[in-house]
Amino acid sequence: MDGLADAVEWMFAIYFVVLMAGALIQMVPDWSYHRVGRWIHACCEPYLWVFRRHLRPLRVGRTSVDVSWLVAVVVFLVVEAGVDTTLTQLTTS
Numbered sequence: 439m440d441g442l443a444d445a446v447e448w449m450f451a452i453y454f455v456v457l458m459a460g461a462l463i464q465m466v467p468d469w470s471y472h473r474v475g476r477w478i479h480a481c482c483e484p485y486l487w488v489f490r491r492h493l494r495p496l497r498v499g500r501t502s503v504d505v506s507w508l509v510a511v512v513v514f515l516v517v518e519a520g521v522d523t524t525l526t527q528l529t530t531s
């Protein structure tokens, strides 16, 4: 069971890095046209769509700020902590 906990922890860590790369790619529009940028966008978009569907961008003057990334990362970290705690308790029992 300890191997399962480690594998799940690694999957969360890898997806977190992909989410952060997606946030960076969104800030630099030229990167989204590259193959890696499209792949990262394809990995992040299904998860982020859940939040974008309910959260509208905040208007700041003439621009708008997409806060769905921030909310998605916070929810991701809370879920990851919960899963990690649960798996740790299961492996020590």
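Numbering of the sequence shown is given in the numbering used here, commencing with residue 439 and proceeding in unit increments. Backbone N, C-alpha and C define an ideal beta-carbon position, used for all residues, glycine too.
Query, Result
"Mark A480 as exposed unless 16 or more other C-beta atoms lie within 10 angstroms of its C-beta, in which case mark it buried.", "exposed"
"From W477, V512 and S506, pick the residue whose C-alpha is nearest to that of V488; which is it?", "S506"
"Taking Cβ positions, are I478 and V456 nearer each other than 9 Å?", "yes"
"Would you mind stating whether V446 and L515 have Cβ atoms separated by less than 9 Å?", "no"
"By Cβ distance, which residues of its chain are closer than 6 Å to A461, with the 5 residues on each side in sequence left out?", "W507"
"When you compare each of Q527, T529, E518 and T530 to A451 by their alpha carbons, which one comes out closest?", "E518"
"Count the other CB atoms, across all protein chains shown, that sit within 10 Å of the CB of G475; report buried if there are 16 or more and exposed otherwise.", "buried"
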